[in-house]
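Student: Please find one structure pasted underneath; my questions will follow.
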Amino acid sequence: MARNKAENHSRTEAPRGRTALRVLKAIALCVALSGAAWGYVRVRNYVETTLVYPRSIPEVRLANRPAWMSDALAGQIAASVRPAHISPATDGLLLQEVASRLSRNPWVRLVRQVRRLYVDSPGDTIEIDCEYRTPTALVASRGQYILVDGEGVRLPEQVPAAELPRLMFSADGRVIIRIIEGVAALPPYQPGEKWVGDDLQAGLDLAKLLYGRAVAEDVYRINVANFRGRRNARDPQIVLVTRYGTEVRWGEPVRQTFHAELSPVEKMERMARILKQYGRIDAGRPWIDIRLEKVLCPRDEDSMVQAMPGR
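Heads up: the sequence shown runs through residues 9 to 319, numbered per our numbering.
Next comes the structure, spelled out in structure tokens:
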């Protein structure tokens, strides 16, 4: 009888022990999960506040900034894409938005890369790497002078005649941008749009050829009014206008196939010889014509031809 009671008691205690063990395991699991959750929240808060979010709105830095770009223009481009609020360093949408804004900026020809850097805090700097449109010429149009790049794309700069020196000359007085006049087409309405016209492109090609050449330092303007002989088939297509208001009659566009006229290289060499001999590329005359074998000028033509043989 006593033995049966003991067996019944042990059978009752076994399920109770197993139940208690399960409860203890469940409690331990809850404690572990709660600790993990608490730890996750702490780590997440630490990452978000210390490792991901910058202390202030990111600054914008231009990588590979071209030598011609002024501090003012660089600051303008940076300000145009700087975010208005703080965002985590992992915010990829912000970089996409910056790239989109850059692609719509008339000064930007190509967006290469946009990325965030850790300078003093996470993501506190946005670095932009772009190819920019190089100012090549000022195109005269209805009393204004509009800046364009080498492809004829209008840039966000338009000045009256009184402000031309600011854009045309470097700090040491060298010519860095020339005027193209006589363009037939009106300018595009918005900066960033291309100014269509073969006459303008011919002027731009010549402006590129003359850029940085000491022999062309006296050349201020490139006149394309008679492009393709649209005014007079016998007159030169392109004329260089000097600082003295005199003319160097250049002739055919740089890209044209040369038959009767000298090549651009030969014309440049000829101007260099005239400059060396006379101190001015116009030889001190109202105009000179350098297109053909012999240099022509309005007075003392024979002596001029003898002094400056064509080759």
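We treat Cβ as the ideally placed atom computed from N, Cα and C, and that holds for glycine.
Go through its chain and collect everything with a Cβ distance to V183's Cβ below 8 angstroms, but skip five positions before and after it.
Tutor: In the sequence shown, residue 183 corresponds to position 175, counting from 1. Cβ neighbours of V183 within its own chain (closer than 8 angstroms, five residues either side excluded): M176, F177, A224, E225, V227, Y228.
Student: If you count every other CB in all the chains shown that lies within 10 Å of the CB of Y153, and 16 or more means buried, which is it?
Tutor: Position 145 of the sequence shown, counting from 1, holds the residue named residue 153. So Y153 ends up on the buried side.
Student: Do V262 and L208 count as a contact pair if the criterion is CB distance below 8 angstroms?
Tutor: The count along the sequence shown starts at 1 and reaches residue 208 at position 200. The count along the sequence shown starts at 1 and reaches residue 262 at position 254. Cβ atoms of L208 and V262: not closer than 8 angstroms.
Student: Specify whether the segment 235 to 250 and the segment 287 to 300 touch according to this definition: at least 3 beta carbon pairs, one from each stretch, less than 8 angstroms apart.
Tutor: yes
Student: Here's the rule: buried if 16 or more other CB atoms are within 10 angstroms of the residue's CB, otherwise exposed. What is N240?
Tutor: Along the sequence shown, read from residue 1 onward, the residue named residue 240 stands at position 232. Exposed, by the Cβ-count rule.
Student: Determine the DSSP secondary structure at D290, reduced to helix, strand or coil.
Tutor: Sequence index remark: in the sequence shown, residue 290 carries index 282 (1-based). D290 falls in the coil class under three-state DSSP.
Student: Closest to R257 by CA distance: which of I65, K302, P164, G151 is it?
Tutor: Within the sequence shown, the letter at position 249 stands for residue 257. Comparing Cα positions, the closest option is K302.
Student: At the level of alpha carbons, what is the spacing between A169 and G151?
Tutor: Taking the sequence shown and counting its residues from 1, one reaches residue 169 at position 161. Taking the sequence shown and counting its residues from 1, one reaches residue 151 at position 143. C-alpha separation (whole angstroms): 7 angstroms.
Student: Can you list, in chain order, the residues of its chain with a C-beta nearer than 6 angstroms to that of P196? Leave out the 5 residues immediately preceding and following it.
Tutor: As a first step, residue 196 is located in the sequence shown; it is residue number 188 there, counting from the start. Contacts found: R162, W203.
Student: For A192, which residues from the same chain have a beta carbon less than 7 angstroms from its beta carbon, with the 5 sequence-adjacent residues on both sides left out?
Tutor: By 1-based counting over the sequence shown, the position of residue 192 is 184. Within the same chain, A192 has close Cβ partners G205, D207.
Student: Roughly how many whole angstroms lie between the Cα atoms of N147 and L283?
Tutor: Here the question's residue 147 lines up with position 139 in the sequence shown. Here the question's residue 283 lines up with position 275 in the sequence shown. The sequence shown places Val at residue 147, not Asn. So the two alpha carbons sit approximately 27 angstroms from each other.
Student: Alpha carbon to alpha carbon, what distance is there between Y252 and L217?
Tutor: Along the sequence shown, one-based indexing puts residue 217 at 209. Along the sequence shown, one-based indexing puts residue 252 at 244. So the two alpha carbons sit approximately 21 angstroms from each other.
Student: What span of residues does the alpha helix (DSSP H) with D206 cover, start to end?
Tutor: The count along the sequence shown starts at 1 and reaches residue 206 at position 198. Element bounds for D206: 206 to 218.
Student: For R186, count neighbouring C-beta atoms within 10 Å of its own C-beta (all shown protein chains included) and say buried if the count is 16 or more, exposed if not.
Tutor: Sequence index remark: in the sequence shown, residue 186 carries index 178 (1-based). Result: buried.
Student: So is P173 buried or exposed if we call it buried at 16+ other beta carbons inside 10 Å?
Tutor: The count along the sequence shown starts at 1 and reaches residue 173 at position 165. Exposed: under 16 other Cβ atoms inside 10 Å.
Student: List the DSSP bridge partners of R120.
Tutor: Numbered from 1 along the sequence shown, position 112 holds the residue referred to as residue 120. R120 is not bridged to any residue.
Student: Using beta-carbon positions only, say whether E135 and A71 come within less than 8 angstroms of one another.
Tutor: For this step, residue 135 is matched to residue 127 along the sequence shown. For this step, residue 71 is matched to residue 63 along the sequence shown. Yes, these two residues count as a Cβ contact at 8 angstroms.
Student: Considering Cα atoms alone, identify which of Q84, A86, L118, I65 is closest to A92.
Tutor: What you label residue 92 is simply residue 84 of the sequence shown in a count that begins at 1. When the alpha-carbon of A92 is set against those of Q84, A86, L118, I65, the nearest one is in I65.
Student: Terminal residues of the continuous beta strand (DSSP E) containing E67?
Tutor: On the sequence shown, position 59 is the one that residue 67 refers to. Looking at the DSSP string, the run of the beta strand (DSSP E) that includes E67 is 67 to 71.
Student: Identify whether I134 lies in helix, strand or coil by the three-state DSSP scheme.
Tutor: Here residue 134 corresponds to residue number 126 of the sequence shown, with the count starting at 1. Three-state result, I134: strand.
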